[in-house]
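A.B. asks: Heads up: the sequence shown begins at 94 in the numbering used here, then just goes up one per residue. Structure in structure tokens, see below.
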Amino acid sequence: MLIQKFLAEIRYYQRRYQCFLSRCLYLLFCYTVQILISLTVGQAGYRLKAGQFELVNKNFSSTQASKQRLPEKEYYTGYPCLKW
């Protein structure tokens, strides 16, 4: 009886650990993707912060951005720095 209870506890913690490990791997994957996106978009002077893009270079005004923007047909990805 004591051995069965001990084995049940081992199974419980094993499942709990697997859930914890998979959650950690999922978060690591999400943060890696977010870092890669922010590095890619960061080339254009933008930074990904809490799910929103923030203009890093404060001296870069919106009128300059509209002048330097590519024509609509040249970029399909939604990012000004990437074009196919």
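Cβ atoms here follow ideal geometry from the backbone N, Cα and C, with glycine treated the same way.
1. Can you grab the Cα-Cα spacing for the pair residue 108 / residue 119, in whole Å?
2. In whole angstroms, give me the CA-to-CA distance for residue 130 and residue 124.
3. Compute the Euclidean distance between the alpha carbons of residue 110 and residue 95, then round it to the nearest angstrom.
C.D. replies: Result, derived from the coordinates:
1. If you draw a straight line from the Cα of residue 108 to the Cα of residue 119, it is about 16 angstroms long.
2. Rounded to the nearest angstrom, the two C-alpha atoms are 10 angstroms apart.
3. Distance from the CA atom of residue 110 to the CA atom of residue 95, rounded to whole angstroms, is 22 angstroms.
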